[in-house]
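Scroll down for the structure; my scribbles are underneath it.
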Amino acid sequence: MTTEEKMHLITRNCQEVLTEVDLKSLIESGKPINHYIGFEISGLVHLGTGLMSMGKIADFLKAGMKCKIFLADFHTYLNNKLGGNWEDIRWASVHYFKQALIASLKCFDIDESQVEFISGKKLYEENPIHWETFMRVGKHITLSRNLRSISIMGKKQGTDVDMATLFYPPLQVADIFTMNVNLAHAGIDQRKAHVVAREVGPAVAGYKPVAVHQNLIAGLTGPEPGTNDAESLKMSKSKPNSAIFVHDTPDEIREKIKKAYGPPKEIEFNPLLNWVKILVFWGEETGEFKVERLEKFGGNVVYTKYADVVADYANEKLFPTDLKNGLAEWLIKKLEPARKYFEIKENSQALIRMKKLLG
RNA sequence: CCAGUGGUGGCCGAACGGUUAGGCGAAGGUCUGUAAAACCUUUUUGAGCAGGUUCGACUCCUGCCCACUGGACCA
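Number 915 marks the last residue of the first sequence (the numbering used here); no jumps.
Structure follows, in structure tokens:
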């Protein structure tokens with residue numbers, strides 16, 4: 557595989573790479589590329605994690621990278637998710653969250669043996685140097701910089717800032733170096749941590765990790781009334797109808813998509829088109845998207861270019877309901893392996909318990 | 001540790017010694033070949049904790065807990 561081919565696989569369907577130049581020289585160095593992505597155990601696994609992140613890992617594996625998935629149990633605890641209950645967090649990370657990620661990987665035909673899972677607890681126990689790295693990171697971050705970085709926890713500056721909150725960003729940065737990660741991967745919401753990692757890296761660990769950031773997928777409920785910014789479009793686990801989870805049933809998927817925000821002709825702030833673009837077409841110009849509809853509405857159509865979907869939608873040759881139906885059926889099919897995996901008794905029971913934990 | 005202020009339903013937020021604040025959010029409905037918006041309906045009493053006063057306390061009193069602000073201590 558050529559460097560260009562690798563570059564394409566690694567960077568496609570991403571919002572940002574810090575930096576392409578660094579990535580290219582990393583590839584050309586011939587050194588193994590050690591990837592990592594970390595997740596808080598904070599809720600059900602939605603498409604942002606299950607399809608975007610795991611799909612990216614599929615690309616990374618094809619490019620010959622070593623992929624590591626970090627189950628950030630301590631981060632979850634520090635961020636007071638799952639009620640800040642350590643036992644619940646530990647249970648959920650192994651019995652629910654990891655299983656949901658394995659389920660998601662199956663949607664890309666990847667076996668769990670092809671990636672490495674590691675929990676925070678295990679990482680810290682096995683690597684006493686982590687504590688030292690953590691302190692070194694602290695030596696290179698100012699309080700104000702750290703405070704600005706807590707947005708990676710979904711927190712706004714000036715609210716609920718306890719000491720644990722302040723530990724979180726440097727802990728995440730230290731994780732990267734403890735795991736010898738040279739390619740850190742996350743949604744764009746985590747960029748502040750990765751930028752800090754790149755800035756302190758040379759002093760703390762003698763290198764700058766490359767950072768690859770993906771788009772956050774839009775929430776189905778659309779923008780808040782009166783706003784049209786990217787933030788209010790984001791999919792959120794706390795808005796029940798804004799997110800689809802990897803183990804949702806076909807009926808749940810159809811129901812949620814049906815309720816989705818779908819303004820005709822609107823191609824800018826439109827979660828449905830956003831999903832078709834980054835999930836179905838995976839950020840590429842060409843692909844395949846089927847829409848089945850009655851003859852009176854134009855009959856079935858197969859799109860092979862994303863631009864054609866946009867064009868038809870813009871001049872109302874593609875009606876929102878038809879776009880919704882096509883998308884729902886695509887998702888149902890794509891997520892089938894995940895649903896099947898969650899039919900296994902232990903997993904379905906874990907899901908029930910997880911939902912209970914979340915109230 | 002001391003003082004002041006405050007802790008109200010998923011969230012925000014008033015009033016009041018005794019009769020449902022209100023808003024947001026959420027759910028259902030109407031209207032559109034979807035959704036959104038708009039309109040209609042629903043979300044049937046909640047007060048940091050423990051006591052006390054009272055015919056009756058979210059409202060008064062005592063103690064405790066927590067938060068914010070200021071102060072004290074600083075070997």
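Think of the CB as a built atom: it goes at the ideal place given N, C-alpha and C, for glycine as much as any other residue.
With three or more CB-CB distances shorter than 8 Å, the segment 577-587 counts as touching the segment 761-773. Between the segment 611-628 and the segment 583-596 there are three or more C-beta pairs closer than 8 Å, enough to call the two in contact. Each of Glu572, Tyr633, Arg568 and Glu584 was checked against the Cα of Met557, and the nearest Cα belongs to Glu584. Straight-line spacing of the CA atoms in Val857 and Leu874 works out to 10 Å. Ranked by how close their Cα comes to the Cα of Glu596, the residues Leu835, Gln728, Val751 and Lys861 have Gln728 in first place. Taking one beta carbon from each stretch, the segment 688-707 and the segment 558-570 have fewer than 3 pairs nearer than 8 Å; the two do not touch.
Under the DSSP definition of a beta bridge, Val866 lacks any partner. Residue pairing for Ile674: DSSP places it in a beta bridge opposite Phe626. The segment 644-659 makes no contact with the segment 687-699, as fewer than three CB pairs between them are under 8 Å. Restricting attention to alpha helix (DSSP H) runs no shorter than 4 residues, the segment 888-912 encloses them at 892-897, ordered along the chain. In the pairwise beta carbon analysis, the segment 560-572 is classified as not touching the segment 625-642: fewer than three pairs are separated by under 8 Å. Proximity of the segment 898-911 to the segment 858-865 falls short of the contact definition, fewer than three beta-carbon pairs being nearer than 8 Å. Under a 10 Å Cβ-count criterion, Phe853 is classified as exposed, with fewer than 16 other Cβ atoms of the shown protein chains found around its own Cβ.
A contact between stretches requires three or more CB pairs, one per stretch, nearer than 8 Å, and the segment 844-852 meets this requirement with the segment 876-892. The DSSP-derived three-state label of Leu772 is coil.
Cβ neighbours of Pro758 within its own chain (closer than 8 Å, five residues either side excluded): Lys764. Contact between Asp731 and Gly594 holds: CB atoms are separated by about 7 Å, below the 8 Å threshold.
Annotated as proximal: Ser660 and Val802, with beta-carbon spacing under 8 Å. For Phe723, the uninterrupted alpha helix (DSSP H) segment begins and ends at Met719 to Thr734.
By the CB criterion at 8 Å, Pro893 and Pro820 fall outside the cutoff.
If you draw a straight line from the Cα of Tyr862 to the Cα of Tyr680, it is about 45 Å long. For Ala799, there is no enclosing beta strand (DSSP E), as DSSP marks it with neither H nor E.
Looking at Phe837, Lys815, Leu582 and Asn636, the one whose alpha-carbon comes closest to that of Met719 is Asn636.
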